[in-house]
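Quick note, the sequence shown lines up with residues 4 to 83 if you use the working numbering.
One structure is given below, encoded as structure tokens.
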Amino acid sequence: MGGKKRKANHMEGGEEESESPATPRAERFRIPEVRSCPPAPKRRRRFALRAGFESRRSITFFAPPEDLELFFCLALHNVS
4 MGGKKRKANH MEGGEEESES PATPRAERFR IPEVRSCPPA PKRRRRFALR AGFESRRSIT
64 FFAPPEDLEL FFCLALHNVS
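Spelled out as structure tokens, the structure:
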């Protein structure tokens, strides 16, 4: 099944047959059929609550150093 042909007029007055854009319909362009369904998604594992869970929750991930303000004061002093 080829594309449709149409006649195109050019400025010179001549006519020329050209193919207009069309969706490819050949077998090689078709999306293959799915033979079987994919497996169902697996459920996420639920973790059991432990006695020490609450104590781990209060961990501080970032503890600023004690001399952090001193660093910025010195940096600001050098800029001025």
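Every residue gets a Cβ at the ideal spot worked out from N, C-alpha and C, and that includes glycine.
Since the model is a prediction, treat every value here as computed from it, not as a measurement.
ask   = In three-state DSSP terms, what is residue 22?
value = By one-based count along the sequence shown, residue 22 stands at place 19. In this structure, residue 22 counts as strand in the three-state DSSP scheme.
query = Where does the unbroken alpha helix (DSSP H) through residue 72 begin, and where does it stop?
reply = Looking up residue 72 in the sequence shown gives position 69. It spans 71 to 82 - the alpha helix (DSSP H) in which residue 72 sits, taken as one unbroken run.
request  = Kindly indicate which three-state DSSP category residue 32 falls into: helix, strand or coil?
outcome  = In the sequence shown, counting from the first residue as 1, residue 32 sits at position 29. Three-state DSSP puts residue 32 in a helix.
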